[in-house]
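Residue numbers (our numbering): 11 to 648.
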């Protein structure tokens, strides 16, 4: 049953949004370019056996629904997940198998081509990545053939519906191409590093053409200008790249933009870093919390908590725009998840903290998610999190035409828009930790993919060197303002005593010591206690108090103690001898003088000294005396 006050499904969760994005990215490129009618595919999980992950089936189902309809579609397409257990690849592994797998990658493709992939892995090699893709494509072909066979039996699937195609004017297209092509090539050849300057020069060419039109021509063909100019500019830029080997900003195909990074940038956070690559910059902060700060997950396929969060924010000003920002976009969720998957494999296994990274993109000209990975690595190291190895990320691009192709390292935003591939790869010096790829062209040969991966590796290692130059290894100590955590195990049968009836004991301990204390039962049967505090003395007091309950020292008959009065009764007071162990000071044992009411001589919370004088034979409660430690009245007089 769904959580929350209303106990019903509401807006999609982040997990559902990520699945939507995976399906959308595979389907969207396969619709005809000039088909603009709205298409809505509703995907609902109706039944889940707890064994097989449903996310890849969603992609198959969505493509099948379109394939058997009359909607124009250049599919079918299908999704499969590839795992690897014991060195063997597994297609669509079960939940149990995924727990043992060192690869988790979802791959989408048609009968002929791979169109999308996304996943995480435990530092695998480029060759292993390609092998996983090849294995997946063989299974994808079977799924696509199934859809074609099914569609052939459905009358509505053929022929596809007729639709209104875009209105074109070949004469205007040729006129704009003749006017703008060489001028745009001249701008592209300049290799300008400034995105703003390039946009200004391209815009000037467009304005020059518009000014050359008469008023009548403007009214007649003005609607075509933006579309055809964009096509001319795209063709010119791609031509200069492919035939003259000149990128938009003048770099070599495998060259990385200038990098600047700094850690400990903000004074009061638990860790921080700025990472700048060209005109893309991420300011990432680290916050460390306790068990209670973990993110609650309440979904159909997963319940529990998540101790690692990475949030990516892309404000409008980062690209020079002014617009309202109402909520987190699907793009922000997707980019944050990719960066999270990149860093997750290197987190320490014995980490006791809840980790939250927040990436604020301050300026963007391509690869902001990869800047987040690099800044996240730096912030973790700055904050003293003992990651296994630093992680870097790079976005690769591709321009392919008429049998020629160019693989581009560290692509600009314009190169992403005008190119044919966006392939993001993250990893350590030992191997790949995450990847995401979207391909816009048909027939990407495997040798091109291998070149892109190898070129990405060179770029990643270059960026890793820049990271290590900034901070060579994680700081050995946390920041002074970072809360300290001490975690230890306790016997399972003491959990109840530590918590107390209705949480009374643990709440009082937190109040008395100004700490945060959590306890959970482990699969081993033990209890795991976590104490968090900003003060070392408070931490020590809380740990000591919990340990005294979990491993209580034996009360010694005849020994003297000091304890707090827990409650007042008509017949005496109950006092805490040791944590979790109380005893009774009878009213007659409180003082030598006669006491009529306990309220007259003490109150709850007072600390008194007393001596253990035995146990009640029936209740087995400890009997205590305060008066035996007090001088007798005659001794005082003398």
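Note that CB positions come from ideal geometry on N, CA and C, so glycine has one too.
- Around the Cβ of residue 47, a 10 Å sphere holds fewer than 16 other Cβ atoms; the residue is exposed.
- Judged by DSSP in its simplified three-state form, residue 190 adopts helix.
- As DSSP reads the structure, residue 539 sits in a beta bridge with 498 and 529.
- Between the alpha carbons of residue 507 and residue 420 lies a distance of about 57 Å.
- By the 16-neighbour rule on beta-carbons within 10 angstroms, residue 218 is exposed.
- Contact between residue 423 and residue 374 holds, with the beta-carbon distance rounding to 7 Å and staying under 8 Å.
- The alpha-carbon separation between residue 94 and residue 103 amounts to approximately 9 Å.
- The closest CA to that of residue 316, considering only 126, 351 and 285, is found on 351.
- In this structure, 617 is the residue among 14, 142, 617 and 152 with its C-alpha nearest to the C-alpha of residue 587.
- It is roughly 11 Å from the alpha-carbon of residue 35 to the alpha-carbon of residue 117.
- Counted as a single uninterrupted DSSP element, the stretch harbouring residue 588 is not any alpha helix (DSSP H) but the beta strand (DSSP E) occupying residues 582 to 588.
- For residue 434, the enclosing beta strand (DSSP E) begins and ends at 431 to 437.
- Residue 84 sits in coil when the DSSP states are folded into three classes, being neither helix nor strand.
- DSSP lists 410 as the bridge partner or partners of residue 415.
- Here the stretch 355 to 369 makes contact with the stretch 289 to 298; the two share three or more CB pairs at distances below 8 Å.
- Distances from the alpha-carbon of residue 621 to those of 599, 642 and 611 put 599 closest.
- Assigned with DSSP and collapsed to three states, residue 564 falls in coil, not helix or strand.
- By the 16-neighbour rule on beta-carbons within 10 angstroms, residue 164 is exposed.
- The stretch 76 to 94 makes no contact with the stretch 177 to 186; the number of CB pairs closer than 8 Å stays below 3.
- Under the three-state reduction of DSSP, residue 452 is assigned to coil, being neither helix nor strand.
- Boundaries of the beta strand (DSSP E) around residue 321: 318 to 323.
- Residue 311 and residue 19 have their C-alpha atoms spaced approximately 14 Å apart.
- Fewer than three Cβ pairs drawn from the stretch 123 to 141 and the stretch 154 to 171 lie within less than 8 Å of each other, which leaves the two stretches out of contact.
- Annotated three-state conformation of residue 283 is strand, per DSSP.
- Your pair residue 582 and residue 597 checks out as a contact, with CB atoms roughly 5 Å apart and the cut at 8 Å.
- In this structure, 63 is the residue among 63, 80, 84 and 119 with its C-alpha nearest to the C-alpha of residue 105.
- Nearest to residue 129 by alpha-carbon distance, out of 590, 71 and 443, is 443.
- Under DSSP, residue 405 shares a beta bridge with 434.
- If you draw a 10 Å sphere on the C-beta of residue 50, you find fewer than 16 other C-beta atoms in it, and that means exposed.
- Within the stretch 91 to 169, the alpha helix (DSSP H) runs of at least 4 residues that lie entirely inside it are, in chain order, 105 to 108 and 136 to 162.
- Relative to the Cα of residue 302, the nearest Cα in the group 55, 526, 345 and 189 belongs to 526.
- Annotation for residue 238: the continuous alpha helix (DSSP H) segment containing it runs 225 to 254.
- Around the beta-carbon of residue 440, fewer than 16 other beta-carbon atoms lie within 10 Å, marking it exposed.
- Taking the Cα of residue 411 as reference, the smallest distance to any Cα among 580, 566, 455 and 398 is reached at 455.
- Proximity of the stretch 390 to 401 to the stretch 278 to 297 meets the contact definition, three or more beta-carbon pairs being nearer than 8 Å.
- Looking from the CA of residue 210, the closest CA among 222, 220, 221 and 197 belongs to 197.
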